[in-house]
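Novice: Numbering (my numbering), first residue to last: 10 to 101. No residue lacks a Cβ here, since even glycine has one placed at the ideal position from N, Cα and C.
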Ligand SMILES: [Zn+2]
């Protein structure tokens, strides 16, 4: 879990998972460009809209725009080096 400016891991060994760390670093970038608090507001609104559309929890979570970007790009470890500003908008 990423709570700017920290990445919180359930277990220390997860620190060795480059995809997971990259995923959380993508969230940190999203949070930074939205000045942190609006990120959480948009994240929650997007989740609730997905639920109101009838999506079950896991699907609603995976379809949050910020998760779409992170899950799509987390295996590309160079992504953050080349990522444009507000790149998450492309995943709406
Ligand atoms: Zn995520």
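Rounded to whole angstroms, what is the Cα-Cα separation between residue 34 and residue 98?
Specialist: Going from the Cα of residue 34 to the Cα of residue 98 covers about 17 Å.
Novice: Within the present structure, is the beta-carbon of residue 69 separated from the nearest heavy atom of ligand 1 by less than 7 Å?
Specialist: Flag unset: Cβ of residue 69 not near ligand 1.
Novice: Can you look up residue 73 in the DSSP assignment and give me helix, strand or coil?
Specialist: The answer is coil: DSSP assigns residue 73 none of H, G, I, E or B.
Novice: Determine the closest residue to residue 12 out of 60, 93 and 49, with distance taken between C-alpha atoms.
Specialist: The shortest Cα separation from residue 12 among 60, 93 and 49 belongs to 49.
Novice: Tell me whether residue 95 is buried or exposed, calling it buried when 16 or more other Cβ atoms sit within 10 Å of its Cβ.
Specialist: So residue 95 counts as exposed.
Novice: Tell whether a beta-carbon distance below 8 Å holds between residue 92 and residue 38.
Specialist: Taking 8 Å as the Cβ cut-off, residue 92 and residue 38 qualify as a contacting pair.
Novice: At what residues does the alpha helix (DSSP H) containing residue 47 begin and finish?
Specialist: 46 to 61 is the span of the alpha helix (DSSP H), which, as asked, contains residue 47.
Novice: Flag residue 102 as yes when its Cβ comes closer than 7 Å to any non-hydrogen atom of ligand 1, and as no otherwise.
Specialist: As shown, the chain starts at 10 and ends at 101. That puts residue 102 outside it, with no answer to give.
Novice: Beta-carbon separation of residue 3 and residue 32 under 8 Å?
Specialist: There is simply no residue 3 to check, as the chain begins at 10 and stops at 101 in what is shown.
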